[in-house]
Amino acid sequence: MSDIQRVGVVGCGLMGSGIAEVCARAGLDVVVVELDASALAAGRERIARSLAQAVRRGKLAAKDAEAAQERIRFTDDVTRLADRDMVIEAVVEDEAVKTEVFRTLDKVVEREDAILASNTSSIPIMKLGAVTGRPEQVLGLHFFNPVPVLGLVELVPSLLTGAAAVERAESFVREVLGKHVIRSKDRAGFVVNALLVPYLLSAVRMLESGFASLRDIDEGMVRGCAHPMGPLQLADLIGLDTLKAIAESLYEEFKEPLYSPPPLLLRMVDAGLLGRKNGRGFYTYATS
Ligand code: 3HC
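Numbering-wise, the numbering used here puts 968 at position 64 of the sequence shown, and it's gapless, one number per residue.
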């Protein structure tokens, strides 16, 4: 049985709320920390909606949804993470913000062998481990959106992550969360985003150049390759600001043109068209 029972999640956006939800559904005691009060309220609401949807879809009994909700405590006080066995950071994809979180976790989390994990999709884990006094406990656990639905986690040790932390994290994800694990070296984008992001950026370039229409690009990949959604729909699901940030990290690491974010993506982010999360991206969505 895993010794990880008390989990902390830092950041309550799309990914943080999904991670908190799957941990609570697995029976763990969860503390969610988010400094921004409106983001905290939105995260709480997102989790409640997702649990209700799981009940409607027959994936979860109503009493288990209620119990999961009760296992999550929401706070803006980071010292509430002191007694955690594992903390998963899921704040905005910005190196300065993430390193600050890891400096804080290093001071606050008391258990010496607590695992400090990042859900980063592209920032080197070594940069996060390096700002702590315990890089052997720092690793990447990269989940996929929507977290309650997608069954993969990428496990990313840095050059200094200890073997014991890697083994504990892997059995936690497999046995407690019930998700499949693949391992990746600590390279920007890991396995999945290093392959996925150039594809999404190519679709943006295709649209930008007038090569094909929005709907035809998406239909092409849904009907021609049996993808569950087209690349521009998926870009909207991921969030265009997040996609831009991942592309920039990949470009910074590999200096390959295929990773450079195209002007249309940059302008859409400048315009605040961020995708599903705020109702407008390549498509328009009803906001609730
Ligand atoms: N909890 C549990 N299960 C749920 C659920 C919830 N809250 N909501 C839905 N489900 C289940 C449904 O019951 C259904 O299960 P079934 O197939 O057994 O019936 C399944 O999830 C699909 O749900 P829906 O029918 O509501 O939705 P769709 O069939 O329209 O699929 C989608 C929606 C899951 C988003 C699908 O389109 C999809 O998988 N798209 C691709 C997503 C993707 O590629 N994500 C990765 C993004 S990259 C990333 O995250 C990395 C980051 O770093 C950028």
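Beta carbons are placed, not taken as given, at the ideal position from N, Cα and C, and that holds for glycine.
The structure displayed is predicted, hence computed values, not measured ones.
Around the Cβ of Tyr-1103, are there at least 16 other Cβ atoms within 10 angstroms (buried) or fewer (exposed)?
exposed
Decide yes or no for the touch test of the stretch 1133-1151 against the stretch 1177-1186: beta carbon pairs closer than 8 Å, at least 3 of them.
yes
Tell me which residues pass a beta-carbon proximity test against ligand 1: closer than 5 Å to any heavy atom, given in chain order.
Ser-954, Gln-957, Ala-958, Arg-961, Lys-963, Ser-1025, Phe-1048, Asn-1049, Pro-1052, Val-1053, Pro-1132, Met-1133 and Ile-1142
Out of Glu-1074, Thr-1065 and Ile-992, which one is the CA nearest neighbour of Ile-1086?
Glu-1074
What did DSSP end up calling Pro-1102 once you bin it into helix, strand or coil?
helix
Answer yes if the stretch 980-992 comes into contact with the stretch 908-916, meaning at least three C-beta pairs across the two stretches below 8 Å, and no otherwise.
yes
Opening and closing residue of the beta strand (DSSP E) in which Thr-979 lies:
976-979
I think Ser-1106 touches Val-1095, with their Cβ atoms under 8 Å apart; what is that distance to the nearest whole Å?
At roughly 18 Å, the Cβ-Cβ gap does not stay under 8 Å, so Ser-1106 and Val-1095 are not in contact.
Considering only the beta carbon of each residue, do Cys-916 and Glu-938 sit closer than 7 Å?
yes
Can you give me the start and stop residues for the beta strand (DSSP E) that Ile-1086 sits inside?
1084-1087
Leaving aside the five residues before and after Ala-958 along the sequence, list all residues of the same chain whose C-beta is less than 6 Å from its C-beta, in chain order.
Leu-964
What first and last residue would you give for the beta strand (DSSP E) that runs through Arg-910?
910-914
Applying the criterion that 16 or more other CB atoms from any shown protein chain within 10 Å of the CB defines a buried residue, is Cys-1129 buried or exposed?
exposed
Taking its Cβ as the centre, do 16 or more other Cβ atoms sit within 10 Å of Gly-1033, making it buried, or is it exposed?
buried
Taking only three categories from DSSP, how would you classify Arg-1091?
coil
Among Ser-942, Leu-955, Glu-997 and Leu-1056, nearest to Asp-980 - alpha-carbon criterion:
Ser-942
Distance, Met-1125 Cα to Leu-1118 Cα:
11 Å
DSSP bridge partner residues for Ala-1000 (one or two, in chain order):
The partner list for Ala-1000 (beta bridge, DSSP) is empty, contrary to what the question assumes.
Quick test of your reading: Val-1060 and Ile-1019, contact by CB under 8 Å. State the CB separation rounded to the nearest angstrom.
Incorrect: roughly 13 Å between the Cβ atoms, too far for contact.
Reference Ala-971, options Asp-933, Ala-1000 and Glu-997, closest by Cα
Asp-933
Euclidean distance between Cα positions of Gly-892 and Thr-1036
Residue 892 falls outside the range modelled here, since the chain spans only 905 to 1192, and no answer is possible.
How about Pro-1052 and Glu-925: do their beta carbons lie closer than 7 Å?
yes
Which of the three DSSP states is assigned to Ile-1142 in this structure?
helix
CA nearest to the CA of Val-1042, picked from Gly-1055, Val-1057 and Leu-1063:
Leu-1063
Any non-hydrogen atom of ligand 3 closer than 6 Å to Leu-955 Cβ:
Annotation note on ligand 3: not contained in the displayed structure, which lists ligand 1 as its ligands.
CB contact flag (Leu-955, Ala-969, <7 Å):
yes
Give the straight-line distance between the Cα atoms of Arg-1038 and Arg-960, rounded to the nearest whole angstrom.
43 Å
Would you identify the three-state DSSP class for Gly-1037, choosing helix, strand or coil?
coil
Just to confirm, is the Cβ distance from Glu-997 to Thr-1146 under 7 Å?
yes
If distances are taken between C-alpha atoms only, which option among Ser-1025, Leu-1169, Arg-984 and Arg-1007 comes closest to Val-935?
Arg-984
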